[in-house]
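Novice:
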Amino acid sequence: MRNTNLYFGKTTAATMTFDDEANQTLALTTGGFNDPLPAGVNFITNGGLKVTVVANDPGTGSDNQQFGSAYGTVVTGDLVDITAACTIHVSSGLITMATVSADAVNGFTINTDTTGDNDAIIVTQLKPYAPAHGIMYNAAKFTGVAVSGGATTALNFKDKEGVLAVVDTITITHATSKHKEFIEDLMDVVADDNRVTGLVVVRDDMRLLSLPTTRGTVISGVA
Amino acid sequence: MNKNLYFSIGSAPSDAADDALMINADLFVSMNPVTATTSIMLFLDRANTGGANTQVTLTHAEAMNIDVMEDVAIAMAGEPRDGFIVIADVTGGEFCSPHITDCELTQL
Numbered sequence: 285m286r287n288t289n290l291y292f293g294k295t296t297a298a299t300m301t302f303d304d305e306a307n308q309t310l311a312l313t314t315g316g317f318n319d320p321l322p323a324g325v326n327f328i329t330n331g332g333l334k335v336t337v338v339a340n341d342p343g344t345g346s347d348n349q350q351f352g353s354a355y356g357t358v359v360t361g362d363l364v365d366i367t368a369a370c371t372i373h374v375s376s377g378l379i380t381m382a383t384v385s386a387d388a389v390n391g392f393t394i395n396t397d398t399t400g401d402n403d404a405i406i407v408t409q410l411k412p413y414a415p416a417h418g419i420m421y422n423a424a425k426f427t428g429v430a431v432s433g434g435a436t437t438a439l440n441f442k443d444k445e446g447v448l449a450v451v452d453t454i455t456i457t458h459a460t461s462k463h464k465e466f467i468e469d470l471m472d473v474v475a476d477d478n479r480v481t482g483l484v485v486v487r488d489d490m491r492l493l494s495l496p497t498t499r500g501t502v503i504s505g506v507a
Numbered sequence: 113m114n115k116n117l118y119f120s121i122g123s124a125p126s127d128a129a130d131d132a133l134m135i136n137a138d139l140f141v142s143m144n145p146v147t148a149t150t151s152i153m154l155f156l157d158r159a160n161t162g163g164a165n166t167q168v169t170l171t172h173a174e175a176m177n178i179d180v181m182e183d184v185a186i187a188m189a190g191e192p193r194d195g196f197i198v199i200a201d202v203t204g205g206e207f208c209s210p211h212i213t214d215c216e217l218t219q220l
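If you read the sequences in order, they're chains Z and P. Using the working numbering, the letters of the first sequence correspond one by one to residues 285 to 507. Using the working numbering, the letters of the second sequence correspond one by one to residues 113 to 220.
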């Protein structure tokens with residue numbers, strides 16, 4: 285049997301909303317977004333986060349929000365992904381949105397006359413980058429399962445720190461009283477070489493992905 | 113199949129203690145992000161002390177933790193005839209993921 289690894293994305297995607305935005309920068313904070321802050325100038329281009337805005341009075345003047353040509357025709361209320369306009373500081377979490385005058389294709393310029401119109405600019409985490417965000421376990425180090433609640437099952441693995449007589453526990457939330465069905469669904473994948481390619485996402489709360497199930501298991505969370 | 117994972121840290125020449133490591137894939141326990149540019153692989157202790165583990169920290173491009181984990185998992189699922197799987201050979205410039213740039217071995 286091939287080596288199979290099980291992935292658990294343990295935190296939901298961090299988000300931070302900016303309203304009444306008065307300049308072209310978005311300052312992420314550890315309290316508002318995530319601790320630690322994203323790091324590296326390529327964090328955005330590598331898909332680590334996205335930036336969206338709900339368009340409000342788009343146009344071409346200083347009393348409009350302005351969008352580059354790549355966005356096509358934008359009308360008020362459109363949810364627009366302006367990630368391509370954004371760059372991030374190497375360590376401070378400061379995101380800069382390129383203006384349309386600087387980037388006629390992907391740029392986004394806030395309404396500079398009425399900054400109160402620049403609401404609902406949302407930064408959303410797309411990938412894990414800290415220890416708490418997720419973990420991959422070797423399925424061969426899976427030691428057992430125990431019912432842990434009416435709608436939860438605890439998966440035990442050998443302790444990743446190497447401590448004897450200790451196990452790591454991952455708790456999966458699923459439909460009520462579907463413990464056995466969840467275990468069967470999990471074993472179907474772990475034991476079947478034809479259904480896996482190495483990394484099996486059991487549950488990822490960040491990307492809202494779950495193991496495919498066929499028994500009404502409805503996996504909905506992990507901790 | 114008996115599989116072994118190979119790592120080297122980039123020393124030139126790679127001839128000092130702990131410059132490289134080959135470890136049985138069966139000892140691998142888990143992998144998780146540490147920072148936006150590093151992820152750690154944890155193994156049951158190669159030295160069999162029972163109170164520690166063997167750790168390999170992979171440095172990679174920003175925000176590519178999950179991508180590197182996927183690449184490592186795919187590499188480990190491979191079945192080369194000799195069972196020899198290179199995860200990160202910094203000295204030889206061979207990596208199982210295009211996003212990995214460096215490797216550090218600790219608690220060997």
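We put the beta carbon where it would ideally sit given N, CA and C, even for glycine.
Quick one: which chain Z residues come within Cβ less than 7 angstroms of Ala140(P)?
Specialist: First, the amino acid is wrong: residue 140(P) is Phe here, not Ala. Within 7 angstroms Cβ-Cβ: Asn422.
Novice: Could you confirm whether any beta carbon from chain P is found closer than 7 angstroms to the beta carbon of Phe392(Z)?
Specialist: Not one chain P Cβ lies under 7 angstroms of Phe392(Z).
Novice: Does any CB atom of chain P fall closer than 7 angstroms to the CB of Glu417(Z)?
Specialist: In the sequence as displayed, the identity of residue 417(Z) is His instead of Glu. By this cut-off, His417(Z) is an interface position.
Novice: Rounded to the nearest angstrom, what separates Ala459(Z) and Gly500(Z) at their Cα positions?
Specialist: Using only the alpha carbons, I get a separation of about 7 angstroms.
Novice: For Thr344(Z) and Tyr355(Z), I'd like the C-alpha separation in whole angstroms.
Specialist: About 14 angstroms.
Novice: Run the CB neighbour count on Asp488(Z), radius 10 Å, all protein chains shown included, and call it buried at 16 or more, exposed below.
Specialist: Its Cβ being crowded by 16 or more others within 10 Å, Asp488(Z) is buried.
Novice: How would you label Thr393(Z), buried or exposed, when you count the other beta carbons within 10 angstroms and need 16 or more for buried?
Specialist: Thr393(Z) comes out buried.
Novice: 7 angstroms is my cut-off, CB to CB: does Ile212(P) come that close to chain Z?
Specialist: No, Ile212(P) lies away from the interface with chain Z (no Cβ there is under 7 angstroms from its Cβ).
Novice: Can you tell me the Cβ-Cβ gap for Gly332(Z) and Glu174(P), rounded? I've got them flagged as a contact below 8 angstroms.
Specialist: The pair is a contact, with the Cβ atoms about 7 angstroms apart (cut-off 8 angstroms).
Novice: Taking only three categories from DSSP, how would you classify Gly446(Z)?
Specialist: Correct three-state label for Gly446(Z): coil.
Novice: Going by alpha carbons, who is nearest to Asp138(P) out of Arg158(P), Asp131(P) and Thr150(P)?
Specialist: Among Arg158(P), Asp131(P) and Thr150(P), the Cα nearest to that of Asp138(P) belongs to Arg158(P).
Novice: From Leu410(Z) to Phe327(Z), what distance separates their C-alpha atoms?
Specialist: For Leu410(Z) and Phe327(Z), the distance between alpha carbons rounds to 10 angstroms.
Novice: So, helix, strand or coil for Ala430(Z), using DSSP?
Specialist: In the structure shown, Ala430(Z) sits in a strand (DSSP, three-state: E or B).
Novice: Given that Leu134(P) touches chain Z, what residues does it touch there, using C-beta distances under 8 angstroms?
Specialist: Strictly speaking, residue 134(P) in this sequence is Met, with Leu absent from that position. Chain Z residues near Met134(P): none, gap ~16 angstroms exceeds 8 angstroms.
Novice: Compute the Euclidean distance between the alpha carbons of Gly446(Z) and Ile152(P), then round it to the nearest angstrom.
Specialist: Rounded to the nearest angstrom, the two C-alpha atoms are 14 angstroms apart.
Novice: Ignore the nearest five residues each way along the sequence and tell me which others in His417(Z)'s own chain have a CB closer than 6 angstroms to its CB.
Specialist: Hits under 6 angstroms: Thr295.
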